[in-house]
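Undergrad:
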Amino acid sequence: MRIRFVLALLLCLGFFAAPHTARAADPYRIGAVFPLSGSLAWLGEYYQKAAQLQVDLINGQGGVDGRPLELVVYDDQSSPEAAARAAQRLISRDRVIALIGTASVPLSGALATVAREQKVPTIVASGYTVNPARDPFVFNTAHKTDYAVERPFAYFSQKGLKRVAMLMPIGPLGDVGIASAEKAAAKHGIELVGTERFNPQSPDLTTQLAQLRAKKPDALFSFVTGEAAAMVARNMKQIRFDVPLLVSHGNATPGFLKMISSLDADILVPSGRLGAPDALDGSEPNARMIAEFNRRHVERYKEPANYFSGLAADAVLLVAEGLRRSKTDEGEKLRAAIEGIHEFPGYSGVFRLSATDHHGTSADDLVLLRPTSSGWALVK
Amino acid sequence: MPDAALLLQIAFGGLSMGAVYALLAVSLVMVYKVSRIVCFAQGEFFVIGGLTLSALTNEAAMPLWAAFLATLALAGVLGVFAERIVIRPVRHEGVGTVIVMTIALSISLQGIALPVWGREAHVVAPFVATPPWEFFGAFLSAQVLLVIGASVVVFVLLRTFFERTTLGLAMRAAAETPTGARLVGISVTRLTQFGWASGVALGALAGMLIAPVVFLTYASGTMPMVKAFVAMVVGGLSSTAGALAGGFLVGLLEACAIGFVSSEFADAIVFLFLIGFLLVRPGGLFGNDAGGGM
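Quick look at the structure:
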């Protein structure tokens, strides 16, 4: 009788203890939504590589409080509808505790809507401006567009380039670029002399550029990335529109460098410091981690890390740090823990998140790069 | 009032865009003439042409002429396979089914191109290393002049082929009245296959010539394909001259919309023009084969 009682007790203990023990070793599942096909596919690849590398680096150091991280990746096909579907599926079917991704304002907007409805901490990496009052669960590792415009506009002002023309893509990205340029121009005493818009898939932009050239600007600002930015640079060279071209902070990539290397154009690209690891002097708080991440990136993928790599890796870092602080994967507590992250060095800068700032980085975390035949050079 | 240099640059911008649309529209017409269907995968054949040339010249370090011929041959083979595997099995199932098959082919080719060429844009050096030519303060790149020249040469060759050669006349007969063509001993199947090989090769030719003007990715075919289709419809569907004129008309209209109205509404203006044009002239600029168009 006594033996039976002890066995029953042990069974009961086993019943309650076993799942608990198993859960302690269960991975924290992070859902990633990246544009792996469609017009932004070139960017999604950088995100995916860096996020997976960061997850592996954290797991290599024992994970978060003994639990490994697991990345579940879906392709949003560069479409907001597909991004929303992927996010819903990650939450409902894959039971992820947080979402990371994606690129572009419309795609991030789709992810933010899901995060708002499902109350799942979500860290995007794009030009999407997060308003914490509206999107308490959404964070953004990309520098605020305002900073990415203000930093080069300060440089223009310092160099006496006071008349700036704008060639902006049709759509929300262009709208964001114009709004930021208007603020930065007012702050730094710069006159915006003209604005044209363009379809990023158009095979020729010389008409818009000729109209802007007629306004005699000192510099041109085009808030685009990838082949559209390269098209602007090439068409400027074609019509001998010889002024500095400022493009979006998303162009500090090997792919962009390859596209414009033969143009010999004067292009300025704002970037996080990971965009030019060789140009760091070692005094930066994130210098060592940037150098180490870049080394691992080259080792694994045979190519250096870039601005986008830093954004995706930072998203993983912030989720991991939030988990360490909250000791739970419950949505609201994890969100609050991420919001409380302060003076935390990441690849894109030092994060100072708060209830009113869900970006956390500042204009000082950005540098200006110029493409040269031997790679990126730091603009002083 | 804009100055002369600006007006000229708007015209050059229109010609540059028009050259892209025109050449692609001519390749669409080639396929249409021999099979009476619009091949919505033509944008992908355009991209595959440009990307293959990029791979052969940049990575395999082949001379340009050899890479050019190799790409054309490869595209021809691709056309034969597309016709044999995708189109022929459904050619009697109605136009709707065949068009859906070309859309499916387009998406499949994009899916194949992604792992082959990756996600990044590819660069092809201009065929002639001449700086852009200046005319009264406006500039036109030598490569665009090459594309315009090539469009005219392709048009003349196709016109001669379809009007003056036995094979060309047989191809038109095979497309218009297949049963009648068979009765006089024409192999409709072989001619259709040849037509697809030539049409796909023409699409690839457009891609190769335009690759130095743009930055091609595996997904670059969609927008030029849509505009080329507009050009084809404006030209009268089966008219090579119409496709050529339609392409330049669409390009110039787009540039004028950008220059004189608003760059934001340029695409909307092009499509509104298409609606208005078709209401006034449903047969297109040059009519079609049945109406004597070429």
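Protein chains in written order, with this note's numbering: chain A, 84 to 463; chain B, 893 to 1186. All C-beta atoms, glycine included, are put in the ideal place defined by N, C-alpha and C.
Answer yes or no: does any C-beta atom of chain A fall closer than 8 Å to that of Ala1135(B)?
TA: Locating residue 1135(B) in the second sequence gives position 243, counting from the first residue. Not an interface residue.
Undergrad: Residues in the same chain with beta-carbon distance under 6 Å from Ala237(A), minus the five sequence neighbours each way, listed in chain order, please.
TA: Locating residue 237(A) in the first sequence gives position 154, where the first residue counts as 1. Closer than 6 Å at the Cβ level, and outside the excluded window around Ala237(A), lie His271.
Undergrad: Could you pull the start and end residues of the beta strand (DSSP E) that Phe1027(B) belongs to?
TA: For the purposes of this step, residue 1027(B) is taken as residue 135 along the second sequence, with counting starting at 1. Taken as a continuous stretch (DSSP letters only), the beta strand (DSSP E) holding Phe1027(B) covers Trp1025 to Phe1027.
Undergrad: Is there at least one Cβ from chain A nearer than 8 Å to Gln901(B)'s Cβ?
TA: In the second sequence, the residue the question calls residue 901(B) occupies position 9. Closer than 8 Å: yes.
Undergrad: Kindly identify the DSSP beta-bridge partner or partners of Ser354(A).
TA: In the first sequence, the residue the question calls residue 354(A) occupies position 271. Answer is Val450(A), bridged to Ser354(A).
Undergrad: Any beta carbon of chain B sitting closer than 8 Å to that of Asp325(A)?
TA: On the first sequence, position 242 is the one that residue 325(A) refers to. Chain B contact via Cβ: absent.
Undergrad: What's the C-alpha gap between Leu295(A) and Gln1035(B)?
TA: As a first step, residue 295(A) must be located in the first sequence, where it is residue number 212. As a first step, residue 1035(B) must be located in the second sequence, where it is residue number 143. Distance between the alpha carbons of Leu295(A) and Gln1035(B) is about 24 Å.
Undergrad: Under three-state DSSP, which class holds Leu1037(B)?
TA: As a working mapping, residue 1037(B) is identified with position 145 in the second sequence. DSSP places Leu1037(B) in helix when its eight states are reduced to three.
Undergrad: Asn334(A) versus chain B: which residues are under 7 Å apart at the beta carbon?
TA: Indexing the first sequence from 1 puts residue 334(A) at position 251. Chain B residues near Asn334(A): none, gap ~12 Å exceeds 7 Å.
Undergrad: Excluding five sequence neighbours on each side, which residues of the same chain lie with their C-beta closer than 7 Å to the C-beta of Val1016(B)?
TA: The residue you call residue 1016(B) lines up with position 124 of the second sequence. Gly942, Leu945, Ser946, Thr949, Ala1103 and Pro1104.
Undergrad: Can you pull the chain A residues whose beta carbon is under 8 Å from the beta carbon of Phe1031(B), in chain order?
TA: As a first step, residue 1031(B) is located in the second sequence; it is residue number 139 there, counting from the start. Correct list: Thr289, Gln321, Ile322 and Arg323.
Undergrad: Is Ser117(A) close to chain B, meaning its C-beta is less than 8 Å from at least one C-beta of that chain?
TA: Position 34 of the first sequence, counted from the start, is the residue given in the question as residue 117(A). It should be pointed out that residue 117(A) corresponds to Phe in this sequence rather than to Ser. For Phe117(A), the answer is no, since every Cβ of chain B falls outside 8 Å of its Cβ.
Undergrad: Compile a chain-ordered list of the residues in the region 1138-1152 of chain B whose CB is closer than 9 Å to at least one CB of chain A.
TA: Gly1143, Glu1146, Ala1147, Cys1148, Ile1150 and Gly1151
Undergrad: How many angstroms separate the CA atom of Leu451(A) from the CA atom of Tyr211(A)?
TA: Position 368 of the first sequence, counted from the start, is the residue given in the question as residue 451(A). Position 128 of the first sequence, counted from the start, is the residue given in the question as residue 211(A). When rounded, the distance between both Cα atoms is 21 Å.
Undergrad: What span of residues does the alpha helix (DSSP H) with Asp139(A) cover, start to end?
TA: In the first sequence, residue 139(A) corresponds to position 56, counting from 1. Run containing Asp139(A): Ala124 to Gly143, per the alpha helix (DSSP H) assignment.
Undergrad: Can you give me the C-alpha to C-alpha distance between Gln934(B) and Leu250(A), rounded to a whole angstrom?
TA: Reading the second sequence from its first residue, position 42 is the one you call residue 934(B). Reading the first sequence from its first residue, position 167 is the one you call residue 250(A). Cα to Cα, Gln934(B) sits roughly 31 Å from Leu250(A).
Undergrad: Could you pull out every residue in the same chain whose Cβ sits closer than 8 Å to the Cβ of Pro428(A), ignoring the five residues on either side in sequence?
TA: For this step, residue 428(A) is matched to residue 345 along the first sequence. The residues are Pro368, Asn369, Met372 and Phe434.
Undergrad: The region 905-916 of chain B: which residues have C-beta closer than 8 Å to a C-beta of chain A, in chain order?
TA: For the region 905-916 of chain B, which is checked against every Cβ of chain A, the residues closer than 8 Å are Gly905, Gly906, Ser908, Met909 and Val912.
Undergrad: If you reduce the DSSP assignment to three classes, tell me which class Thr104(A) lands in.
TA: Translated into positions along the first sequence, residue 104(A) becomes position 21. Caution applies to Thr104(A), whose pLDDT of 42 falls short of 50 and renders its modelled position unreliable; the value that the coordinates give is listed next. Helix, per DSSP.
Undergrad: With 8 Å as the threshold, decide whether the Cβ of Gly414(A) is near any Cβ in chain B.
TA: As a position in the first sequence, residue 414(A) is number 331, starting the count at 1. Against chain B, the CB of Gly414(A) has no partner CB under 8 Å away; the residue lies outside that interface.
Undergrad: So, under 8 Å CB-CB, Thr278(A) and Ile322(A) are touching, yes? Tell me the CB distance rounded to an integer number of Å.
TA: By one-based count along the first sequence, residue 278(A) stands at place 195. By one-based count along the first sequence, residue 322(A) stands at place 239. At roughly 18 Å, the Cβ-Cβ gap does not stay under 8 Å, so Thr278(A) and Ile322(A) are not in contact.
Undergrad: Looking at C-alpha atoms only, which residue of Val352(A), Asn214(A), Val221(A) and Asp447(A) is the closest neighbour of Glu200(A)?
TA: Against the first sequence, residue 200(A) aligns to sequence position 117. Cα-wise, what sits closest to Glu200(A) is Val221(A).
Undergrad: Within 8 Å of any Cβ in chain A, is that where the Cβ of Thr994(B) sits?
TA: By one-based count along the second sequence, residue 994(B) stands at place 102. Taking Cβ atoms only, chain A never reaches closer than 8 Å to Thr994(B), which makes this a no.
Undergrad: Can a CB atom of chain B be found closer than 8 Å to the CB of Lys467(A)?
TA: The structure shown does not extend to residue 467(A), since chain A is modelled only from 84 through 463, so no value can be given for it.
Undergrad: Is Ile929(B) helix, strand or coil when you go by DSSP?
TA: Taking the first residue of the second sequence as position 1, residue 929(B) is located at position 37. In this structure, Ile929(B) counts as coil in the three-state DSSP scheme.
Undergrad: Note down, in chain order, each residue of its chain lying with its Cβ closer than 6 Å to the Cβ of Asp397(A), except the 5 sequence neighbours on either side.
TA: The residue given as residue 397(A) occupies position 314 in the first sequence. Excluding positions up to five away in sequence, the list reads Thr224, Gly429, Tyr430 and Ser431.
Undergrad: Under a Cβ-count criterion, where at least 16 other Cβ atoms within 10 Å of its own Cβ denotes burial, should Gly905(B) be classed as buried or exposed?
TA: Residue mapping note: residue 905(B) aligns to position 13 of the second sequence, counting from 1. Buried, since its Cβ has 16 or more Cβ neighbours within 10 Å.
Undergrad: Should Ala959(B) go down as buried or exposed, given a rule of 16 or more other Cβ atoms within 10 Å for buried?
TA: Indexing the second sequence from 1 puts residue 959(B) at position 67. That one is buried.
Undergrad: Is any heavy atom of the ligand PLP found at a distance shorter than 7 Å from the C-beta of Pro1007(B)?
TA: Ligands in the displayed structure: none, and consequently the ligand PLP is not present.
Undergrad: Do you know how far the Cα of Glu422(A) is from the Cα of Pro219(A)?
TA: The residue labelled residue 219(A) in the question sits at position 136 within the first sequence. The residue labelled residue 422(A) in the question sits at position 339 within the first sequence. Spanning the two alpha carbons is a distance of roughly 9 Å.
Undergrad: What is the rounded straight-line gap between the Cα of Leu292(A) and the Cα of Phe324(A)?
TA: Taking the first residue of the first sequence as position 1, residue 292(A) is located at position 209. Taking the first residue of the first sequence as position 1, residue 324(A) is located at position 241. Cα-Cα distance, rounded: 8 Å.
Undergrad: Which residues does DSSP list as the beta-bridge partners of Pro428(A)?
TA: Within the first sequence, the letter at position 345 stands for residue 428(A). Pro428(A) is bridged to Val433(A).
Undergrad: Can you find a CB in chain A that lies within less than 8 Å of the CB of Leu898(B)?
TA: Within the second sequence, numbered from 1, the residue matching residue 898(B) stands at position 6. Interface residue, yes.
Undergrad: Please classify Ala903(B) as buried or exposed, where buried requires at least 16 other C-beta atoms within 10 Å of its C-beta.
TA: Here the question's residue 903(B) lines up with position 11 in the second sequence. By the neighbour-count rule (16 or more Cβ atoms within 10 Å), Ala903(B) is buried.
Undergrad: Does the region 910-919 of chain B come within contact of the region 1125-1144 of chain B, defined as at least 3 CB pairs closer than 8 Å?
TA: yes
Undergrad: So which residues on chain A does Leu1006(B) lean against when the C-beta distance must stay under 9 Å?
TA: Residue mapping note: residue 1006(B) aligns to position 114 of the second sequence, counting from 1. Here the neighbours are Leu119, Ser120 and Ala124.
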